[in-house]
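Notes for the one structure printed next.
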Amino acid sequence: MAVEEIHAEMVSSVWKVLVQPGVPVAAGDTLVILESMKMEIPVLTERAGVVQELHVVEGEVLQEGDLIATVSDG
1 MAVEEIHAEM VSSVWKVLVQ PGVPVAAGDT LVILESMKME IPVLTERAGV
51 VQELHVVEGE VLQEGDLIAT VSDG
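Residue 23 in full-length UniProt numbering sits at position 23 of the sequence shown; the count goes up by one each step and never skips.
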């Protein structure tokens with residue numbers, strides 16, 4: 001089973017969480033929306049699968065490299 005780890009690419013805050021663990025997603029789906037410097041930044045999954053873990057909550061401040069979610073293909 002392949003697992004994709006999705007990490008924050010910059011310091012930002014979690015504006016909106018769009019998925020929960022156990023939810024199936026398609027490649028390119030938005031998992032969360034981050035906010036940084038007044039810009040909304042969608043965080044996408046690159047593979048189809050199921051959200052295994054969600055490591056953020058709305059309003060949380062993330063540092064570059066923080067784990068946001070894991071998605072598995074099975």
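Glycine residues also receive a C-beta, built at the ideal position from the N, C-alpha and C atoms. Bear in mind the structure is a predicted one, so any value in this text is a computation, not a measurement.
- Between the beta-carbon of Val51 and that of Val11 there is about 24 Å, and that puts the pair past the 8 Å contact cut.
- Glu35 has its alpha-carbon roughly 6 Å from the corresponding atom of Ile41.
- Beta-bridge partners of Glu4 (DSSP): Val71.
- In the same chain as Glu64, and ignoring 5 residues on each side of it, the C-beta atoms closer than 7 Å to its own belong to Ala8, Glu9, Met10 and Val11, in chain order.
- Pairing Val25 with Ala48, the inter-Cα distance amounts to about 6 Å.
- Within the model, the alpha-carbon separation for Lys16 versus His55 is close to 13 Å.
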